[in-house]
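Right, one structure below, let's go through it.
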Amino acid sequence: MNASMEKIENNVVKLEITVEAKKFNEAMKKSYSKNVKRFNVPGFRKGKAPMGIIKQYYGEGVLYEDAINFCCDSTYPEALKEHNIQPVDYPEIDVIEIGEGKDFKYSAKVTVMPEVELGEYKGLEVKKNTYEVKDEEIENQLKSMQERNARIEAKDEDGTIEKGNIAVIDFKGFVDGEAFEGGEGNDYPLEIGSGTFIDNFEDQLIGLKKGEDKEVSVKFPEEYGKEELNGKQAIFKVYIKEIKVKELPAIDDEFAKEISEFDTIEEVKADLKKKTEEQNELKAKKEFEEAVVDSACENAKVDIPEIMVTKETNNMLKDLEMRLKYQGLDLQTYYQYTNSSEEKVRDYMKDTALKRVKTELVLAKIAKAEKIEATEEELMDKAKEMAKQYGDKDVEKTAELLMNSQKSYLELDVVNEKVIKLLVDNCKEIA
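Each number in the numbering used here corresponds to the 1-based position in the sequence shown with 1 added.
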């Protein structure tokens with residue numbers, strides 16, 4: 002095999018590869034062996050006609066397609082390795098010369114990994130955010146705990162619906178006199194004032210008693226997400242089946258003993274404050290790391306091929322699809338509820354995909370410049386860390402499986418973490 006390379010445009014190269022006639026003839030024999038059973042030649046049982054007879058009867062070109070594939074599969078990777086090319090897409094193959102007894106020549110046009118020109122990445126000056134824990138934040142957390150521990154009881158028979166009550170209702174919605182899909186519910190517990198239902202639906206139930214009916218008039222938002230309901234006026238026929246009240250426990254020392262291992266509410270507050278401070282510190286650390294990486298990326302120059310952005314967008318769309326699947330939804334339902342489409346979602350994701358691709362390229366270039374690599378011990382530690390996150394009981398066994406099946410991903414994680422640490426260690430925090 003002989004291969005020459007020509008750079009024809011930015012991030013695109015063209016390889017011209019020559020395969021010796023002997024090797025092409027071998028590929029033709031493989032093509033014959035693969036396809037012989039599908040040829041019918043008079044005078045021969047199906048699948049028994051010699052190669053020469055098949056070429057005479059059908060023409061030599063009948064075996065070319067698979068012979069070309071066999072040749073390309075064996076020589077294209079060799080050519081990439083010879084010229085140290087990292088492709089980011091499938092090649093565009095064109096046949097230059099082909100024929101019996103001749104060398105087989107073809108070209109492969111392919112988009113390659115772009116060159117990264119690093120800018121300043123050490124000695125960066127980046128602001129680190131700080132977060133103060135306010136008393137109001139702790140009080141809000143206590144109120145949430147209070148809500149979660151509330152007792153729900155039926156209201157007196159003569160009681161009326163008030164804000165904060167839970168009205169158990171049956172309802173059916175109509176637009177232009179016709180019931181619409183998804184507009185009906187039975188035994189629905191609606192907290193009045195929660196803003197769960199559209200417009201002023203909940204306010205119109207205030208003052209009603211158990212067993213009463215009411216027609217509630219509301220208007221759907223212009224961007225509700227369902228074309229047939231956007232901006233439409235609707236009537237809901239509502240029946241009050243029951244009224245319930247929340248009894249909130251007092252936020253005192255007794256409450257502290259019920260919900261925690263502490264004896265006093267002041268101890269609970271102190272613990273909440275400590276945990277919130279720890280969360281804030283982790284948040285600030287993560288944001289600082291991201292800001293340092295962003296700064297290094299901004300200083301770098303790289304012309305990113307569109308195919309790399311498209312592939313990353315595809316990955317993001319697959320991730321979205323998986324998350325929706327866990328919630329019992331699919332992409333089409335998501336598009337319907339968000340009044341969107343695949344085209345709109347892809348367009349929305351494009352900037353993030355571009356940033357992700359550039360970040361990966363820049364981090365990889367810095368790793369190469371700084372000779373940063375992952376040791377086997379570091380890879381195993383990362384595998385064990387992931388196994389623990391999965392909740393697997395046999396961490397050692399799962400880690401070994403990850404080392405065998407996901408080693409390249411483990412290596413990427415470890416190297417990127419080491420690069421980010423280098424950037425942060427060599428960065429100056431500014432107020």
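Note that the Cβ used here is the ideal one computed from N, Cα and C, for glycine as well.
Residue closest to residue i, alpha-carbon to alpha-carbon, out of the options
i, options, result
"E213", "E228, I170 and Y240", "Y240"
"K419", "E379, K398 and V169", "E379"
"I305", "M350, N315 and R357", "R357"
"Q234", "A180, D414 and K210", "A180"
"L355", "A109, V303 and E224", "V303"
"K1", "I373, E361, I367 and L411", "The chain is shown only over 2 to 432; residue 1 falls outside these bounds and no answer can be derived."
"K359", "E61, P115 and S108", "P115"
"A365", "E118, E313, I97 and M323", "E118"
"K284", "E182, E371 and K129", "K129"
"T311", "Q280, E344 and E10", "E344"
"Y65", "G178, K38, Y33 and M323", "Y33"
"D177", "P190, F221, I170 and N187", "F221"
"E133", "E282, A292 and E397", "E282"
"P92", "E185, K110, I431 and I170", "K110"
"K351", "D254, D136, Q337 and M317", "M317"
"L230", "G183, V217 and V269", "G183"
"E313", "V89, F45 and N427", "V89"
"N201", "G208, K210, V217 and P190", "V217"
"L12", "M309, V363 and V346", "A quick correction: the sequence has Asn, not Leu, at residue 12. Considering only alpha carbons, the answer is M309."
Supposed close pair residue i, residue j - CB separation, criterion 8 Å
i, j, result
"F172", "F237", "5 Å"
"F256", "I266", "7 Å"
"I162", "L206", "5 Å"
"V127", "S296", "6 Å"
"G165", "I193", "7 Å"
"Q147", "P250", "6 Å"
"N437", "Y122", "Because the chain spans 2 through 432 in this model, residue 437 falls outside it and cannot be assessed."
Cβ-based neighbour list, residue i, same chain, cut-off 8 Å, excluding 5 preceding and 5 following
i, result
"I153", "I167, K245, V246, K247 and E248"
"V42", "A50, I54, I55 and Y58"
"I373", "I367, V416, K419, V420 and L423"
"F72", "Reading off the sequence shown, one finds Cys at residue 72, where the question assumed Phe. Around C72: V20, K24, F25, A28, F105 and Y107."
"A325", "A small fix is needed here, since residue 325 is Leu in this sequence, not Ala. Within the same chain, L325 has close Cβ partners D331, L332, T334 and Y335."
"G62", "none"
Contact set for residue i: own chain, Cβ-Cβ below 7 Å, skip 5 residues either direction
i, result
"S145", "none"
"I86", "V14 and V113"
"T399", "A388, Y391 and D393"
"V293", "L125, V127, L424, V425 and C428"
"N340", "E224 and G226"
Own chain partners of residue i with C-beta closer than 6 Å, once the 5 adjacent residues on each side are dropped
i, result
"F175", "I236"
"N3", "T19"
"M323", "none"
"H84", "M6"
Review point. Residue ranges of each alpha helix (DSSP H) run of no fewer than 4 residues wholly in the stretch 378-427, ordered along the chain?
Key: Qualifying alpha helix (DSSP H) stretches, in chain order: 396-406 and 408-426.
Check your understanding: Just checking, does the stretch 217-230 make contact with the stretch 261-278 on the three C-beta pairs under 8 Å criterion?
Key -> No, because fewer than three Cβ pairs between the stretch 217-230 and the stretch 261-278 fall closer than 8 Å, the two stretches do not touch.
Point to revise | Sufficient close CB pairs (3 or more, under 8 Å) joining the stretch 18-34 to the stretch 100-112 | key: Result yes; three or more Cβ-Cβ pairs closer than 8 Å.
Review point. At which residue ranges does the stretch 293-349 contain complete alpha helix (DSSP H) runs of 4 or more residues, listed in the order of the chain?
Key: Taking only runs of at least 4 residues, the alpha helix (DSSP H) segments lying wholly in the stretch 293-349 are 307-327 and 332-338.
**Study point:** 4-residue-minimum alpha helix (DSSP H) runs that sit fully inside the stretch 94-180, ordered along the chain
**Key:** Taking only runs of at least 4 residues, the alpha helix (DSSP H) segments lying wholly in the stretch 94-180 are 136-149.
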